[in-house]
Amino acid sequence: MLTLYGDLDSGNVYKVRLLLAQLGIAHRRVDTTQNRGEPATLEFRAINPMGKIPTIVFDDGRMLSESGAILYLLARDTALCFRPTPGIRRTCCAGCSSSSTATSRISR
Numbered sequence: 001m002l003t004l005y006g007d008l009d010s011g012n013v014y015k016v017r018l019l020l021a022q023l024g025i026a027h028r029r030v031d032t033t034q035n036r037g038e039p040a041t042l043e044f045r046a047i048n049p050m051g052k053i054p055t056i057v058f059d060d061g062r063m064l065s066e067s068g069a070i071l072y073l074l075a076r077d078t079a080l081c082f083r084p085t086p087g088i089r090r091t092c093c094a095g096c097s098s099s100s101t102a103t104s105r106i107s108r
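Per my numbering, the very first residue in the sequence shown carries number 1; after that it's consecutive.
Here it is as structure tokens:
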């Protein structure tokens with residue numbers, strides 16, 4: 001099962017959680033917050049050497065952080081966010097780099 005590291009107060013973590021829910025992807029969430037300094041701990045750095053949240057870890061151990069990259073990877077082949085035409089794909093990718101645009105695109 002995919003694991004999402006992040007906290008409920010993070011807008012970037014929220015975007016990832018929202019997409020996971022809309023795609024019906026089973027996952028578990030591990031509460032990891034900047035306020036407690038957890039991303040800087042050696043334990044978390046063993047998972048993500050960059051110490052960033054959100055971070056997702058796949059069953060095979062691969063790790064990905066940065067909400068835009070996570071959103072792109074999860075949605076790239078779905079009808080929810082991307083269509084096969086390059087123009088629409090570029091528009092959606094540009095939206096992933098903007099918090100307000102990415103949230104609105106995902107929630108449609």
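Glycine is no exception: its CB is placed at the ideal position from the N, C-alpha and C atoms.
For the pair the stretch 39-50 and the stretch 11-27, tell me if three or more CB-CB distances fall below 8 Å. No, because fewer than three Cβ pairs between the stretch 39-50 and the stretch 11-27 fall closer than 8 Å, the two stretches do not touch.
Let me know the secondary structure DSSP gives S65 once reduced to three states. If DSSP states are grouped into helix, strand and coil, S65 belongs with the strands.
In the structure shown, what three-state DSSP assignment does I56 receive? In the three-state reduction of the DSSP assignment, I56 falls in the strand class, which pools E and B.
Here's the rule I'm using: 16 or more other beta-carbon atoms within 10 Å means buried, otherwise exposed. How should F44 be labelled? Buried.
Let me know the secondary structure DSSP gives R17 once reduced to three states. Helix at R17.
Just to confirm the assignment, what range does the alpha helix (DSSP H) spanning L42 have? Segment 42-47, the alpha helix (DSSP H) holding L42.
Helix, strand or coil for G6 per DSSP? In the three-state DSSP reduction, G6 falls in the strand class (E or B).
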